[in-house]
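Chemist: So that we are looking at the same thing, I have put the structure below in structure tokens.
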């Protein structure tokens, strides 16, 4: 600030930096921030925005971090940011510190900046945002909302967002409320002009149009799950509101209303039931699936805890069910609006007794869409619950992914359901008979046949004909058949995805879900410094044989996950019966999405150690 | 309890309009105690469904956990049954019901299953007016764990071991009335004459129908200190609005004494004929029903019969606006929007 101190200059960079916005929760900044990210997307530049928000409604600090990456790295980069847009006095001290040396601190200079916030190694850009809005707009709510739009307009000048991209977003956003278009454009223009007058020279951080987003869309994982459920043929959604999964049900409702309302009758070819709690939600899902309708619920960790008993029933009674768990930071209430991958074990072994549940791990919104649709096929084919483990980072943030696609020739796999004709012509029906040797029995739906096919569904032990029994051998036969079914399951599950960079197979990395982008970036970076590694991204549990083969083939195997206790590693060790010391954990669990930096640095530190403990132990 | 069920039936056993004898509606051999009120209720259910001419396989038998929840095994062998988890029968029934609105849903629960662990789901299934018949086999105790008091045990009543219950009982009928149930009745397992038409009326009602049936536990709660024993119930019961279920087809032939009865039409054209409690008792008046119930309670009288009926109300299917075709029968063409629609969605996400 003083002419005596000249902050260091950032090297000019195009399409590779991080901008962070600091706002007050509930101030209407979300749409302005989203407009900023979307404009960059429309300029064809890879971009990944992330909400960092508190667990309250109004008044607390909230952030929005936008990574721009020409190279297409969409995970969290980590570290300090190049440009901080700070419009929240409450968090300014923290925000100033989050700027890298030479970086920029953009603030509202309607009010003077506290001298304690002055650093001599960063640049300050002050614009009178409040003053401009107060002079232009009379309505207090408008004054608040347009202040956000004005700083987006300012950034258009400062970092080179194409104004036409912003205009197109405003036009699309308010297509149904055209009255709102002119004031929004006006606010953008005001910001642009003010910035150009006060700071004629653009910053060294610049955006330039590319065409890297051809064939891509920008989408939240939760909305993709909701859409996937519509495409997957779900007719019943029973749910209980919980952050961060609520928008899954809302997404389903939005798309169901668009596509599933009968044009002639106005009836809904779907049902959405907001249950009284999570126990009831999963109970409804089980009841609907038992009765032949594809049904699902969405929840988060505390909900999964509550659903345990019912999940055990569905496993043992062999009722299909689909559960989308958008994980958040546990244990207990933890940090409800922060991300984690810490429901692995509670989901894999949900409920008491010997239970095992099928898990799916999507990494992108496209996979959220595809795996949700597929989950219904899997659940009905295997007659068991399928739990999809996504997380807050994937669910509640927009991510670039390939355009969604659907194969119109795909038929729903309803699994082994006997029709009235099949019952009529078939041999004696045994609900729990392993007719095909794959452990999967045949089922019937209530009301199918007047004389044949009725059976009693229960959580207590039964024989092959669904008759209650406490005979040990019958119970054991049933449990062994369930194990056979478990062994069959991988056949219907998506295989792990292998990326090969290392022909010597010295280093292998296993990861799943939202660690994908950060892992990819970390491994690309490591490869440039001579530590090429292969990676295997796991998409499903029970595990395919490829995972064991991958572990055996590599000298050192790292497992990347976002929890404290290395839950995924435990699952690998337990299910594959391998030496725990043959796997090295890369863990991250502070509630933020894992960054490429954490993965890179952890692996590099291990590799730099004189004797790798893992390699030694493998001996 | 019986160890053997004879296969012989008299060749001239009466048949219903479907040509089925009652045998077609029977279930497995009961494993409940000899004399258990629950078995009488099972028999009443068999008679009711047979009398309504419903095909057995078009019924879904739903239950939770407990002695009562075992009883769906003992009626309607040709119907699918679902013995779910403790207290959560309503949610499973809700899901099943929404999936296929064409079946008759009979939920059987107990006082532990409903008034304790399942209280939340009981309240909410009433609130949703799910089209089902919810039967509480109410004996005031936990039979399967050997006789602990349940939440419906009356204050001051004694357990078999002589322990006095110090807590107020939850009256499920009063609660259902308060929560807006559209059909509320109480009966006694020993009064089949009353119970069968009540069940038939409940099964014909389009909406949530509760029948709280006092069903003495002969093993643990049928002693002098109990207020849910056979003797106590017989001595304190007051058949309030005595009903006769009248299928629409039989209406002309009915011979009722005018002036002493009131007819309430059901949604499907059937009706119930009620012998009134008193001249000013209107079974479609919820406030009056609550008041009458409390008056009887204060006199230690057990009011039975049809206590409240709201003949016309939107049930859960109406509220959800779901189609006449059951959701579980919609085909893939109806359900999946297809790739063209997805292309349009992609355009909106750019």
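Chains as they are written, first to last, in the numbering used here: chain E, 1 to 619; chain F, 620 to 969.
For glycine and all other residues, C-beta sits at the position ideal for the given N, C-alpha and C.
It should be emphasised that the depicted structure is a prediction, and the values quoted were computed from it without experimental measurement.
By DSSP, does residue 580 of chain E sit in helix, in strand, or in coil?
Modeler: Residue state, collapsed to three classes: helix.
Chemist: Quick one: residues in its chain with C-beta nearer than 8 Å to the C-beta of residue 563 of chain E, no 5 flanking neighbours on either side, listed in chain order?
Modeler: Only 340, 341, 342, 344, 587, 589 meet the Cβ criterion.
Chemist: Determine whether the Cβ of residue 810 of chain F lies closer than 9 Å to any Cβ atom of chain E.
Modeler: No, no contact with chain E.
Chemist: Whose Cβ in chain E lies nearer than 8 Å to the Cβ of residue 697 of chain F?
Modeler: Neighbours of residue 697 of chain F on chain E, chain order: 450, 451, 454.
Chemist: Could you tell me which chain E residues have their CB closer than 7 Å to the CB of residue 701 of chain F, listed as they occur along the chain?
Modeler: Correct list: 290, 457.
Chemist: Report the residue from E/381, E/462, E/607 whose alpha carbon sits nearest the alpha carbon of residue 532 of chain E.
Modeler: If we check each option's Cα against that of residue 532 of chain E, E/607 comes out closest.
Chemist: Find out if the Cβ-Cβ distance for the pair residue 232 of chain E, residue 373 of chain E is shorter than 9 Å.
Modeler: Against a cut-off of 9 Å, the Cβ pair of residue 373 of chain E and residue 232 of chain E comes out as a contact.
Chemist: Could you tell me the distance, in whole angstroms, from the CA atom of residue 51 of chain E to the CA atom of residue 262 of chain E?
Modeler: Spanning the two alpha carbons is a distance of roughly 37 Å.
Chemist: Tell me which residue opens and which closes the beta strand (DSSP E) that residue 49 of chain E is part of.
Modeler: Where residue 49 of chain E is concerned, the enclosing beta strand (DSSP E) stretches over 47–52.
Chemist: Using a Cβ-Cβ cutoff of 8 Å, what residues of the region 510–523 of chain E are near chain F? List them in chain order.
Modeler: Correct list: empty, as no residue qualifies.
Chemist: I'd like to confirm the pairing. Which residues does DSSP put opposite residue 699 of chain F in its beta bridges?
Modeler: Bridge partners of residue 699 of chain F: F/679.
Chemist: Comparing the C-beta of residue 620 of chain F with each C-beta of chain E, is any distance below 9 Å?
Modeler: Unreliable placement is indicated for residue 620 of chain F, whose pLDDT of 47 sits below 50; the coordinate value is still reported in the next sentence. Not an interface residue.
Chemist: Could you check where the beta strand (DSSP E) with residue 727 of chain F kicks off and where it finishes?
Modeler: First-last of the beta strand (DSSP E) with residue 727 of chain F: 723–729.
Chemist: What is the rounded straight-line gap between the Cα of residue 748 of chain F and the Cα of residue 938 of chain F?
Modeler: If I take the Cα positions, the gap works out to 9 Å.
Chemist: Do residue 244 of chain E and residue 336 of chain E count as a contact pair if the criterion is CB distance below 9 Å?
Modeler: In contact: residue 336 of chain E and residue 244 of chain E (Cβ atoms closer than 9 Å).
Chemist: Does residue 641 of chain F come within less than 9 Å of chain E when only Cβ atoms are used?
Modeler: No, its Cβ sits nowhere closer than 9 Å to a Cβ of chain E.
Chemist: Would you please state the rounded distance, in angstroms, between the beta carbons of residue 742 of chain F and residue 770 of chain F? I believe it to be under 8 Å.
Modeler: No, residue 742 of chain F and residue 770 of chain F are not in contact; Cβ-Cβ is about 13 Å, not under 8 Å.
Chemist: Using CA coordinates, which residue listed in F/808, F/710, F/891 is at the minimum distance from residue 656 of chain F?
Modeler: Among F/808, F/710, F/891, the Cα nearest to that of residue 656 of chain F belongs to F/808.
Chemist: Do the CB positions of residue 766 of chain F and residue 836 of chain F come within less than 9 Å of each other?
Modeler: The answer is yes: Cβ separation under 9 Å.
Chemist: Is the beta carbon of residue 643 of chain F closer than 9 Å to that of residue 818 of chain F?
Modeler: In this structure, residue 643 of chain F does not lie closer than 9 Å to residue 818 of chain F by Cβ.
Chemist: Check this for me: beta carbons of residue 155 of chain E and residue 96 of chain E, under 9 Å apart or not?
Modeler: Their beta carbons are not under 9 Å apart, which means residue 155 of chain E does not touch residue 96 of chain E by this criterion.
Chemist: Can you tell which of F/843, F/917, F/798 has the C-alpha that lies nearest to the C-alpha of residue 782 of chain F?
Modeler: For residue 782 of chain F, the nearest C-alpha among the options comes from F/843.
Chemist: Chain E partners of residue 661 of chain F, CB-CB under 7 Å?
Modeler: Within chain E, no residue comes near residue 661 of chain F; the closest Cβ sits about 14 Å away, beyond 7 Å.
Chemist: For residue 230 of chain E, go through chain F and note every residue whose CB falls closer than 7 Å to its CB, in chain order.
Modeler: The contacting residues are 956.
Chemist: Please determine, among E/46, E/18, E/307, E/276, the residue with the shortest C-alpha to C-alpha distance to residue 78 of chain E.
Modeler: The residue with the shortest Cα to Cα distance from residue 78 of chain E is E/18.
Chemist: Under 9 Å, Cβ to Cβ, is there at least one residue of chain F near residue 239 of chain E?
Modeler: No, residue 239 of chain E lies away from the interface with chain F (no Cβ there is under 9 Å from its Cβ).
Chemist: Taking 9 Å as the CB-CB limit, is residue 269 of chain E close to chain F?
Modeler: Yes, its Cβ sits closer than 9 Å to a Cβ of chain F.
Chemist: Check each residue of the region 708–725 of chain F: if its Cβ is closer than 8 Å to any Cβ of chain E, include it; give the result in chain order.
Modeler: Going along the region 708–725 of chain F in chain order, one finds 709, 710, 711, 712, 713, 714, 715, 716, 717, 718, 719, 721, 722 with a Cβ nearer than 8 Å to chain E.
Chemist: Give the secondary structure of residue 365 of chain E by DSSP, where H, G and I count as helix, E and B as strand, and everything else as coil.
Modeler: Three-state result, residue 365 of chain E: helix.
Chemist: Should residue 295 of chain E be flagged as near chain F, meaning a C-beta pair shorter than 9 Å?
Modeler: Yes, residue 295 of chain E counts as interfacial toward chain F.
Chemist: If you reduce the DSSP assignment to three classes, tell me which class residue 357 of chain E lands in.
Modeler: In the structure shown, residue 357 of chain E sits in coil (DSSP, three-state: anything other than H, G, I, E or B).
Chemist: Nearest chain A C-beta to residue 916 of chain F closer than 9 Å, yes or no?
Modeler: Among the protein chains of the structure shown, namely E and F, there is no chain A.
Chemist: Between residue 537 of chain E and residue 75 of chain E, is the Cβ-Cβ spacing less than 9 Å?
Modeler: The answer is no: Cβ separation not under 9 Å.
Chemist: Assign residue 133 of chain E to one of two classes, buried (16 or more other C-beta atoms within 10 Å of its C-beta) or exposed (fewer than that).
Modeler: With 16 or more Cβ atoms within 10 Å of its Cβ, residue 133 of chain E is classed as buried.
Chemist: Taking the C-alpha atoms as reference points, what is the distance between residue 738 of chain F and residue 135 of chain E?
Modeler: If I take the Cα positions, the gap works out to 58 Å.
Chemist: Once you ignore the five residues that flank residue 888 of chain F on each side, which residues in its own chain have a CB closer than 7 Å to its CB?
Modeler: The answer, listed in chain order, is 867.
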